[in-house]
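A.B. asks: Residues in the sequence shown are numbered consecutively from 2, following my numbering. Glycine included, C-beta positions come from ideal geometry on N, C-alpha and C.
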Amino acid sequence: MQLLNILLDIAKTDSAEGYFPIGLQLLFAAGFVATMMVATHLLGPKRKTADKLENFASGIPTHGDARTPMAIKYFLVAILFVLFDVEVIFFYPYAVNFRELGWTGFWEVLLFVGFFLVGFIYIIKKGALKWED
2 MQLLNILLDI
12 AKTDSAEGYF
22 PIGLQLLFAA
32 GFVATMMVAT
42 HLLGPKRKTA
52 DKLENFASGI
62 PTHGDARTPM
72 AIKYFLVAIL
82 FVLFDVEVIF
92 FYPYAVNFRE
102 LGWTGFWEVL
112 LFVGFFLVGF
122 IYIIKKGALK
132 WED
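#1: Kindly confirm or deny that the region 83 to 94 and the region 102 to 122 touch, where touching means at least three C-beta pairs closer than 8 Å.
#2: Which residue marks the beginning of the alpha helix (DSSP H) containing T36, and which one marks its end?
#3: What is the C-beta distance between Y95 and V78, in whole angstroms, given that I count them as a contact (C-beta under 8 Å)?
#4: Taking just the CA atoms, how far does I80 sit from W104?
#5: Along the chain, where does the alpha helix (DSSP H) containing A51 start, and where does it finish?
#6: Ignore the nearest five residues each way along the sequence and tell me which others in S59's own chain have a CB closer than 8 Å to its CB.
#7: Between the alpha carbons of I61 and E55, how many angstroms are there, rounded?
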């Protein structure tokens with residue numbers, strides 16, 4: 002109990018000593034991870050069989066080469082999806098704080114949407130989403 006009071010008194014100060022509990026916790030966490038990794042390496046089984054060394058493919062026998070060519074359209078659509086999906090993430094802070102942001106925030110969000118709308122119109126005009134090849 003006395004140790005807890007000492008740690009709480011140290012944490013209340015505005016000096017570097019206030020970070021002692023955090024440093025101690027990080028030290029214990031790193032020590033625990035290192036101990037578990039060493040223990041599992043030393044105590045774990047070490048039998049290597051052909052079945053264990055084979056690539057896992059969900060129980061389906063592998064066939065063909067992994068280097069078969071794929072259409073670039075798949076990658077393009079994936080990148081565009083990520084781009085416009087990340088855009089939606091930036092709407093969350095606005096939705097939470099829209100009253101505090103007022104009209105200034107509203108116009109900034111409209112500008113943000115406008116930039117992405119211009120990008121969306123550009124990829125439509127370039128034919129990035131057309132699949133007829």
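C.D. replies: Straight from the coordinates:
#1: yes
#2: F21 to L44
#3: With 8 Å as the limit, Y95 and V78 do not qualify as a contact, their Cβ atoms being about 27 Å apart.
#4: 33 Å
#5: A51 to L54
#6: none
#7: 12 Å
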